[in-house]
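A.B. asks: One line per chain: the protein sequences are Z and A, in this order.
Taking the working numbering, the leading residue of the first sequence gets 8, the next gets one more, and so forth.
Taking the working numbering, the leading residue of the second sequence gets 392, the next gets one more, and so forth.
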Amino acid sequence: MTDAADNEEETRGHSLWPIGFAIGVACILIGLVVSWPAVLLGAAITIVSGVLWIREAAGTHGPVDFAAGDALDGGTPSPALAAAEGQHLETHGRAGFLTLATIGLGGVIGAAVTLPSIGFAVLPSFTGEGIETNPVDLGPLENFPEGMFVITTFIGSKDQGEVSRRTAYIRNNGLSAANDPSFTIIYSRCVHLGCPVQPNGPKFEDKMVTYRDVTLTPVQPAGFGCPCHGGAYDTEGNRTAGPPVRSLDRYAFSIVDGNLVLGKHFSVGTVEGTAADAKISRYGQAYPGVHVDGLERWLYPIPVPGA
Amino acid sequence: MAKSARQAQIEKAALYPLDWTEERTGLVGYTKWFLFRHVPRDVNWMQTLGAATLTAFLVQAITGVFLAMYYKPDPNSAYESIQNISNEVTLGWLVRGMHKWGASLFIILMFLHMARTFLFGAYKYPRELNWVIGVLLLVAGMAEGFTGYLLPWDQTAYWATVVGININATAPFAGPFIAQFLQGGAQIGPDTLAKFYSLHMLVIPGGIMAMIGLHMYLVLRLGVTSPPWSKTAAGRPRPDAEPTGDRTGLTREPSSEETS
Ligand code: HEM
Ligand code: FES
Numbered sequence: 008m009t010d011a012a013d014n015e016e017e018t019r020g021h022s023l024w025p026i027g028f029a030i031g032v033a034c035i036l037i038g039l040v041v042s043w044p045a046v047l048l049g050a051a052i053t054i055v056s057g058v059l060w061i062r063e064a065a066g067t068h069g070p071v072d073f074a075a076g077d078a079l080d081g082g083t084p085s086p087a088l089a090a091a092e093g094q095h096l097e098t099h100g101r102a103g104f105l106t107l108a109t110i111g112l113g114g115v116i117g118a119a120v121t122l123p124s125i126g127f128a129v130l131p132s133f134t135g136e137g138i139e140t141n142p143v144d145l146g147p148l149e150n151f152p153e154g155m156f157v158i159t160t161f162i163g164s165k166d167q168g169e170v171s172r173r174t175a176y177i178r179n180n181g182l183s184a185a186n187d188p189s190f191t192i193i194y195s196r197c198v199h200l201g202c203p204v205q206p207n208g209p210k211f212e213d214k215m216v217t218y219r220d221v222t223l224t225p226v227q228p229a230g231f232g233c234p235c236h237g238g239a240y241d242t243e244g245n246r247t248a249g250p251p252v253r254s255l256d257r258y259a260f261s262i263v264d265g266n267l268v269l270g271k272h273f274s275v276g277t278v279e280g281t282a283a284d285a286k287i288s289r290y291g292q293a294y295p296g297v298h299v300d301g302l303e304r305w306l307y308p309i310p311v312p313g314a
Numbered sequence: 392m393a394k395s396a397r398q399a400q401i402e403k404a405a406l407y408p409l410d411w412t413e414e415r416t417g418l419v420g421y422t423k424w425f426l427f428r429h430v431p432r433d434v435n436w437m438q439t440l441g442a443a444t445l446t447a448f449l450v451q452a453i454t455g456v457f458l459a460m461y462y463k464p465d466p467n468s469a470y471e472s473i474q475n476i477s478n479e480v481t482l483g484w485l486v487r488g489m490h491k492w493g494a495s496l497f498i499i500l501m502f503l504h505m506a507r508t509f510l511f512g513a514y515k516y517p518r519e520l521n522w523v524i525g526v527l528l529l530v531a532g533m534a535e536g537f538t539g540y541l542l543p544w545d546q547t548a549y550w551a552t553v554v555g556i557n558i559n560a561t562a563p564f565a566g567p568f569i570a571q572f573l574q575g576g577a578q579i580g581p582d583t584l585a586k587f588y589s590l591h592m593l594v595i596p597g598g599i600m601a602m603i604g605l606h607m608y609l610v611l612r613l614g615v616t617s618p619p620w621s622k623t624a625a626g627r628p629r630p631d632a633e634p635t636g637d638r639t640g641l642t643r644e645p646s647s648e649e650t651s
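1. Are the C-beta atoms of residue 10 of chain Z and some chain A residue less than 8 Å apart?
2. Could you pull the DSSP bridge partners for residue 159 of chain Z from this structure?
3. With DSSP collapsed to three states, give me the class of residue 413 of chain A.
4. So, under 8 Å CB-CB, residue 532 of chain A and residue 599 of chain A are touching, yes? Tell me the CB distance rounded to an integer number of Å.
5. Would you check whether the ligand FES has a heavy atom nearer than 7 Å to the C-beta of residue 237 of chain Z?
6. Name, please, each residue of chain A whose Cβ falls closer than 8 Å to the Cβ of residue 294 of chain Z.
7. Is residue 200 of chain Z near the ligand GDP, going by C-beta to nearest heavy atom under 7 Å?
8. I'd like to know if the stretch 103-120 of chain Z and the stretch 176-185 of chain Z are in contact, where contact means that at least 3 CB-CB pairs between them fall below 8 Å.
9. Can you list, in chain order, the residues of its chain whose CB lies under 6 Å from that of residue 556 of chain A, leaving out five sequence neighbours each side?
10. Residues of chain A with a CB under 7 Å from the CB of residue 167 of chain Z: which are they?
11. Nearest chain Z C-beta to residue 464 of chain A closer than 8 Å, yes or no?
12. Let me know the secondary structure DSSP gives residue 588 of chain A once reduced to three states.
13. With burial defined as no fewer than 16 other Cβ atoms inside 10 Å of the residue's Cβ, what is the status of residue 597 of chain A: buried or exposed?
14. Please decide whether residue 604 of chain A counts as near chain Z, where near means a Cβ-Cβ distance under 8 Å.
15. Does at least one heavy atom of the ligand FES sit under 7 Å from the Cβ of residue 206 of chain Z?
16. Taking DSSP as the reference, what is the three-state secondary structure of residue 217 of chain Z?
17. Can you find a heavy atom of the ligand FES that lies under 7 Å from the Cβ of residue 251 of chain Z?
18. Within 8 Å, do at least three Cβ pairs link the stretch 222-232 of chain Z to the stretch 152-160 of chain Z?
19. Return helix, strand or coil for residue 257 of chain Z, following the three-state DSSP convention.
20. At the 8 Å Cβ level, is residue 261 of chain Z part of the contact set with chain A, yes or no?
21. Span of the beta strand (DSSP E) holding residue 194 of chain Z?
22. Confirm the yes/no value for this check: CB of residue 197 of chain Z, any heavy atom of the ligand FES, distance under 7 Å.
23. Helix, strand or coil for residue 243 of chain Z per DSSP?
24. Just verifying my parser: in three-state terms, what is the DSSP assignment at residue 52 of chain Z?
25. Would you say residue 34 of chain Z touches the ligand FES, meaning its beta carbon is less than 7 Å from a heavy atom?
26. If I follow the unbroken beta strand (DSSP E) through residue 165 of chain Z, where does it start and stop?
27. Figure out for me which residue from A:435, A:476, A:443 and A:470 has the closest Cα to the Cα of residue 455 of chain A.
28. Which of the three DSSP states, helix, strand or coil, is assigned to residue 205 of chain Z?
29. Considering only the alpha carbon of each residue, which of Z:240, Z:165 and Z:199 lies closest to residue 176 of chain Z?
30. Can you find the residues in the same chain that come closer than 8 Å, C-beta to C-beta, to residue 603 of chain A, ignoring five residues on each side of it along the sequence?
31. Let me confirm a value: residue 518 of chain A is counted as buried when at least 16 other C-beta atoms fall within 10 Å, else exposed. Which label applies?
32. Taking the CB atoms as reference points, tell me whether residue 588 of chain A and residue 408 of chain A lie closer together than 8 Å.
33. Could you say which of A:522, A:484, A:489 and A:501 lies nearest to residue 440 of chain A if we only look at CA atoms?
34. Look at residue 258 of chain Z and residue 270 of chain Z and say whether their C-beta atoms are less than 8 Å apart.
35. Throw me the rounded Cβ distance for the residue 268 of chain Z and residue 144 of chain Z pair, which I believe falls under 8 Å.
36. By a C-beta neighbour count over all protein chains shown, 10 Å radius and 16 as the cutoff for buried, is residue 401 of chain A buried or exposed?
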């Protein structure tokens, strides 16, 4: 048993198409960083060089070019080869048709099965389906003493239950300059990589109250700290130390029938000023670790779907 | 020394099932061809690391299949079902332990095997593609580790996966898409667990098995390399064709005693 029969001799000279192919791929990669048109150009170069490369490679062995090759060489093919070739040519029309038909039909059937399956596996993650956006009722305003943070845990999605329990640090800022109620509602997940940040300061566990699924524990933090990689934030959620790339995420709020109701989750670039006077640069919800402002934000094209 | 008639009879009876199978399937011949190959005279123990990795994978696959009989991939029962495996089900602690420690062993063996092929220069012509397949296997193996780590659904599992998914999210451009695919919702939840379970026990192992098949095919076809200090080459006889490109002198020619 030898493998020699599987290998054809390499007789042709060097081709330039592989180089074109490589240039095309390089162009795609650079384009990904620089601009979309460069990607398209790269893709075009890649496809054209690829097709020509295959054509050239196939041309040296293909039955059709055989005669032309002979003419160039000025030699005659061995009788056995010629006979085999003749037989091949004889049935070429029908065999070729059947081959193409089999491959074509197989391809269509394969695509009909795989494309929907892949779509089913991948697309639902991006449509935001199944993501509950119901506002969460956190209970009466009396539970939020002015000027103090309250560790508030609540169920994010009724369908998912306890596994969707989230934590927000909520401070009642009293009335703003425009006489509107003001709350600072900071989401507990670190904007480095998503660990739960903790309030650094005394917790008043004995003053904990509950409202339906919601638990409320007053706390007096000097800032927030992350247990995972030492990220630290001030009481507005601005980063003071460690790896995080932006300020802590927040929630919008509304007041319905004297109850505080949690609104949309959003991401924050930075916060200037404090409490009711804070100026918050607000962006759509983004993944932790992702820049929302500055040049780097162009590296992260999608916000969290359903947000 | 002539065999006694009785000896010959016993031998024939013993070989009969093999002959019977061989005549109908040819599988005995193929198995011999698969197992009794020519290898260089001076192969050493380092060249068994690939087989060790394969064994570790088989251990994972077999123990994993049986863990799947008792494991329940939903947030309300995953943790309990694993406590049940460890503490209640007969021998559950052993099989889970094999799977859990075997997972680390599998990854370590992959790295050692890779180091061997690298240091022996075994990634060079004509084995480049086997290196490429090996790299894909390494990535798939680590993906197995990542998806499997969520399944116990305890605090370590949960937060490690939060951080892992968010690390994915920070990759430029593709990051948020990958993270979103893995997470399947706004936060890690029931969908994430089910998806990781399916990836962990069906999708990725399927891919790994297919790639191991290709990897082994190439090993059989090309033979193993002799160590770098070797004076002889081995493996199946090389085809006559010269390698493409100007590589003359870069490959060792098999000496006549080593060819078959
Ligand atoms: C190929 C390499 C594999 C690796 C590296 C791997 C790795 C892991 C890891 C790290 C865990 C977490 C174990 C723990 O902390 O207890 C796990 C759990 C699990 N794996 Fe795998 N696994 C592999 C193959 C498989 C296969 C083939 C199956 C099933 C067909 C499977 C089924 C499971 C199940 C059911 C669990 C949950 C039980 C448990 O956590 O103890 N695994 N795996
Ligand atoms: S996750 Fe908070 S510092 Fe890394």
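Cβ atoms here follow ideal geometry from the backbone N, Cα and C, with glycine treated the same way.
Since this is a predicted model, take the numbers as computed values, not measurements.
C.D. replies: The structure says:
1. For residue 10 of chain Z, the pLDDT reaches just 44, beneath the cut-off of 50, and the residue's location in the model is therefore unreliable, leaving the point undetermined.
2. Z:175 and Z:223
3. helix
4. 7 Å
5. yes
6. 557, 560, 561, 566, 567 and 570
7. The ligand content of the structure shown is limited to the ligand HEM and the ligand FES, which means the ligand GDP is not among them.
8. no
9. 570, 573 and 574
10. 580 and 581
11. no
12. helix
13. exposed
14. no
15. no
16. strand
17. yes
18. yes
19. strand
20. no
21. 188-194
22. yes
23. coil
24. helix
25. no
26. Per DSSP, residue 165 of chain Z belongs to no beta strand (DSSP E) and is neither H nor E.
27. A:476
28. strand
29. Z:240
30. 445, 448 and 528
31. buried
32. no
33. A:501
34. yes
35. 5 Å
36. exposed
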